[in-house]
Amino acid sequence: MKEVVIAGGGLAGLGLAHALRNRGVPVSLHEAARYPRHRVCGEFISGVSAATLAELGIEDAFADAARHRSGTWHRMGRQMLAFELPEPALAVSRHRLDLRLKEEFERIGGRVFEGSRLPREARPGLVWSAGRRLERGPWIGLKAHFQGLDLSDGLEMHLGRNGYAGLTPVENGRVNVCALFRLDRQRSGRGPALLFDYLAAGGNAELAERLSHAAADSASFLGVSGFELGWRTPQDDLCAIGDAAGMIPPLTGNGMSMAFEAAETAIEPLLAWSCGESGWDESVARLREVMRRRFSRRVACAMALQGLLLQPFGAALASGLSRTGLLPFRPLLALVR
Ligand SMILES: Cc1cc2nc3c(=O)[nH]c(=O)nc-3n(C[C@H](O)[C@H](O)[C@H](O)COP(=O)(O)OP(=O)(O)OC[C@H]3O[C@@H](n4cnc5c(N)ncnc54)[C@H](O)[C@@H]3O)c2cc1C
0 MKEVVIAGGG LAGLGLAHAL RNRGVPVSLH EAARYPRHRV CGEFISGVSA ATLAELGIED
60 AFADAARHRS GTWHRMGRQM LAFELPEPAL AVSRHRLDLR LKEEFERIGG RVFEGSRLPR
120 EARPGLVWSA GRRLERGPWI GLKAHFQGLD LSDGLEMHLG RNGYAGLTPV ENGRVNVCAL
180 FRLDRQRSGR GPALLFDYLA AGGNAELAER LSHAAADSAS FLGVSGFELG WRTPQDDLCA
240 IGDAAGMIPP LTGNGMSMAF EAAETAIEPL LAWSCGESGW DESVARLREV MRRRFSRRVA
300 CAMALQGLLL QPFGAALASG LSRTGLLPFR PLLALVR
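Taking numbering that gives the first Met the number 0, the leading residue of the sequence shown gets 0, the next gets one more, and so forth.
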């Protein structure tokens, strides 16, 4: 069997690495950073099926993950909606999850190169799962873990004028606070203070105040900017999966699920290439087509929903519908899954 080389050891890369290794394919994985490391991520995994995790062979990594079924949405301090998910979401820090998947991949015979940043290139056998593409984009993502924060539900989403923040308990009494805002050069602050400044500027000063009384783990604070959301029609011959192929707005809590599902979609075409049953170009074309069918509508719906909720009119409409019990939460959720 021919070797598959994976560039990017996030969830798409690690998920695919496991699945191929479990099928006897030689796999080496290159990760630019070193494990364990924090990621800008809400760490709320919603929408992935047990069957997908089993297909990748990684279901055991979630055995002790927190399971959250209920949550609330708020806008500038006022609750808009309380919801129940049809299936519980999984919550575990990326610090723990990615390390665990990497160690298990090595145990089953995979090779991992940490601190190894591969060049972006389209070549047979190379899968590009290197995450968000750096480009001019209007967003900034900020995240930190806090201790000593009381949450009544598994997820609190707080909408503001400039974006939104999600709060979710992960492990060891930690609460992940992760936010997406429109980039604003006027905002300032070091570490979590930058998050508080963005929150206050968007009308969520009360939340910023509440967070400032909890203990932030400053080592877990991270920020990223310069990326675009949305589905991409590939412009080159790269074999891209996960965020490298397209990003769903984080408010859906579905990006990590999509990374796992993309890895699942890639198993069959890459296995066929590795065994010599299919050419590289043919495998990549098949993978792209299945990913387009599986993800493009979901991402477009999520983009429309995010656009609406970030408008005062859209947020007021959602609040009003929710108050009168007319908000079609489950059908909307189904559109972004
Ligand atoms: C603010 C924000 C909040 C989010 N919240 C959630 C949430 O609550 N739930 C959810 O499901 N999703 C969420 N997401 C999305 C989720 O984080 C991503 O969809 C998911 O991490 C994608 O996985 P990936 O493997 O494609 O990329 P990543 O997890 O980004 O992994 C890519 C890896 O590639 C490495 N790399 C980069 N360049 C190279 C290179 N040249 N060579 C080798 N390695 C390289 C990076 O170091 C990184 O480890 C959020 C995203 C943002 C921005």
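All C-beta atoms, glycine included, are put in the ideal place defined by N, C-alpha and C. Quick caveat: nothing in here was measured; it's all calculated off a predicted structure.
Asked, Found
"Candidates ARG285, PRO191, ALA121 and GLY254: which alpha carbon is nearest ASP236's?", "ALA121"
"Taking 6 Å as the cut-off, does the CB of MET302 come closer than this to any heavy atom belonging to ligand 1?", "no"
"How big is the Cα-Cα spacing for GLU205 and GLN310?", "21 Å"
"Three Cβ pairs or more, each shorter than 8 Å: is that satisfied between the region 133-149 and the region 170-183?", "yes"
"Residue range of the beta strand (DSSP E) that ASN175 falls in?", "173-181"
"For ILE107, count neighbouring C-beta atoms within 10 Å of its own C-beta (all shown protein chains included) and say buried if the count is 16 or more, exposed if not.", "exposed"
"Going along the chain, which residues of its own chain have a beta-carbon closer than 6 Å to the beta-carbon of VAL283, five neighbours each way excluded?", "CYS238"
"Give me, in chain order, the residues of the same chain whose beta-carbon lies closer than 7 Å to that of LEU55; leave out the 5 immediate sequence neighbours on both sides.", "GLY14, HIS17, ALA18, PHE259, ALA262 and GLU263"
"Whole-angstrom Cβ separation of LEU228 and MET302, contact assumed at under 8 Å?", "7 Å"
"Between the C-alpha atoms of ARG74 and VAL298, what's the straight-line distance to the nearest angstrom?", "23 Å"
"Are the beta-carbon atoms of SER295 and TRP230 separated by less than 7 Å?", "yes"
"Apply the 10 Å Cβ neighbour rule to GLU155 and answer buried if 16 or more other Cβ atoms are within range, or exposed otherwise.", "buried"
"What does DSSP give as the partner residue(s) for LYS142 in the beta ladder?", "CYS177 and LEU221"
"Please determine whether the Cβ atom of VAL47 lies at a distance below 6 Å from any heavy atom of ligand 1.", "no"
"By Cβ distance, which residues of its chain are closer than 8 Å to VAL39, with the 5 residues on each side in sequence left out?", "GLY140, LEU141, LYS142, CYS177, LEU221, GLY222 and VAL223"
"Any heavy atom of ligand 1 inside 6 Å of the beta-carbon of CYS177?", "yes"
"Evaluate the contact criterion for the region 79-93 versus the region 153-170: three or more CB pairs, one atom per stretch, below 8 Å.", "yes"
"Can you list, in chain order, the residues of its chain with a C-beta nearer than 7 Å to that of ALA207? Leave out the 5 residues immediately preceding and following it.", "PHE195, LEU198 and ALA199"
"With the cut-off set at 7 Å, would you say HIS29 and SER115 are in Cβ contact?", "yes"
"Starting from ARG297 and walking both ways along the beta strand (DSSP E), at which residues does that stretch end?", "Premise fails: ARG297 lies in the alpha helix (DSSP H), 279-308, not in any beta strand (DSSP E)."
"Exposed or buried, ASP149, counting other C-beta atoms within 10 Å across all chains shown (16 or more means buried)?", "exposed"
"Taking the DSSP output, what are the residues bridged to ARG66?", "LEU89"
"Give the range of the alpha helix (DSSP H) segment to which LEU264 is assigned.", "Residue identity check: residue 264 is Thr in the sequence provided, not Leu. 254-273 is the extent of the alpha helix (DSSP H) around THR264."
"Applying the criterion that 16 or more other CB atoms from any shown protein chain within 10 Å of the CB defines a buried residue, is GLN305 buried or exposed?", "buried"
"With H, G and I counted as helix, E and B as strand and the rest as coil, what does DSSP make of THR71?", "strand"
"Cα-Cα, which of ARG135, ASP216, VAL47 and ARG184 is closest to ASN171?", "ASP216"
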